[in-house]
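To keep things clear, I will list the structure first and then write my remarks on it.
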């Protein structure tokens, strides 16, 4: 019973489901009144619905996330972890500032790799917006609080996007003599990140983290229920596909 209530609540009362069923109702009312344009409303509603489901999100994300597989025995002389946004003034255990959920998952994988390999870490990411925090500084504080020695962490804190991540990190790698970087970023972001590092002649070992979809396609009824989370994942995937097209120019 609770399962059924949750299903109905998520489908009919939460956005975007409530908007989809409202549009569907308008389309059916126009059809009943034999008003022109009802077909357009119904078709647009169906397309909108499809792009709010986890089924479609998985179809779009899985080709990105499965491009690279984490090596069973990773080896390198430095771990490079890319930022993904940060809040500047929220409370944290150590000072203020907090990385985004995507960045936190990347840092967790980075931390696990550090405890296995013991190599230095480069955290990358600047202050993208006036209201955001400096990603590298907050990432460093987070890692130190999790037990990584401060002298094991280098910061690249000027980059504002993936292109600059690669460019500025390449300079640090060259100046410090690192030649075998392990790149940690979200699995959906890894193809674009690798492409940017290739542009600056840096060969990386990809270690994807922060997966947003299963490697196998598991389907349940909830994968076909409209979801704001699915809409967000589809937006992520779409951004990456556009970014891959733009890599050759920027």
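Residue numbers (our numbering): 856 to 1105. Ideal Cβ positions, reconstructed from N, Cα and C, are used throughout, including at glycine.
Between residue i and residue j, what straight-line distance do the alpha-carbon atoms span, to the nearest angstrom?
i	j	result
residue 1020	residue 898	41 Å
residue 950	residue 1025	30 Å
residue 907	residue 916	14 Å
residue 919	residue 1042	7 Å
residue 1101	residue 1014	18 Å
residue 879	residue 871	12 Å
residue 913	residue 1068	6 Å
residue 1056	residue 934	17 Å
residue 894	residue 869	25 Å
residue 1086	residue 1093	10 Å
residue 881	residue 896	8 Å
residue 886	residue 911	28 Å
residue 902	residue 892	16 Å
residue 939	residue 1058	22 Å
residue 947	residue 983	20 Å
residue 1022	residue 955	23 Å
residue 1028	residue 1003	20 Å
residue 888	residue 1073	41 Å
residue 1110	residue 976	Summary: the structure shown does not reach residue 1110, with the chain confined to residues 856 through 1105, and so no result is reported for it.
residue 1096	residue 1104	14 Å
residue 926	residue 985	38 Å
residue 988	residue 1039	20 Å
residue 957	residue 1062	15 Å
residue 1084	residue 993	26 Å
residue 942	residue 1088	21 Å
residue 1032	residue 1075	50 Å
residue 1116	residue 1071	The chain is shown only over 856 to 1105; residue 1116 falls outside these bounds and no answer can be derived.
residue 884	residue 924	50 Å
For residue i, collect the residues of the same chain with a Cβ closer than 8 Å to its Cβ; drop the 5 residues on either side in sequence, then sort them by chain order.
i	result
residue 963	1064
residue 995	978, 1005, 1008, 1010
residue 931	972, 974, 1035, 1036, 1037, 1060
residue 1017	937, 1044, 1047, 1048, 1051, 1098
residue 945	951, 952, 953
residue 1091	916, 1043, 1067
Can you give me the Cβ contacts of residue i inside the same chain, cut-off strictly under 6 Å, excluding the 5 residues immediately before and after it?
i	result
residue 966	1001
residue 959	none
residue 999	1005
residue 922	1046
residue 968	934
residue 970	none
Closer than 7 Å by C-beta to residue i: which residues in its own chain qualify, once you throw out the five before and the five after it? Chain order, please.
i	result
residue 874	none
residue 1079	908, 910
residue 904	875, 1081
residue 900	875, 878, 879, 882
If you count every other CB in all the chains shown that lies within 10 Å of the CB of residue i, and 16 or more means buried, which is it?
i	result
residue 928	exposed
residue 990	buried
residue 981	buried
residue 877	exposed
residue 1081	buried
residue 1053	exposed
residue 961	buried
I want to see whether chain C comes within less than 9 Å of residue i, judged by CB atoms only; does it?
i	result
residue 1039	Annotation note: the requested chain C is absent from the structure, which comprises a single protein chain.
Following a CB-centred definition, is residue i positioned closer than 8 Å to any heavy atom of the ligand MN?
i	result
residue 972	Although the ligand MN was asked about, the structure shown includes no ligands whatsoever.
message: Restricting to runs no shorter than 4 residues, where is the alpha helix (DSSP H) found entirely within the stretch 1027-1090?
response: 1045-1054
query: Taking only runs of the beta strand (DSSP E) that begin and end inside the stretch 953-997, which ones reach a length of at least 3 residues, in chain order?
result: 976-979
field: In chain order, each alpha helix (DSSP H) run of at least 4 residues that lies wholly inside the stretch 882-949
entry: 893-905, 909-920
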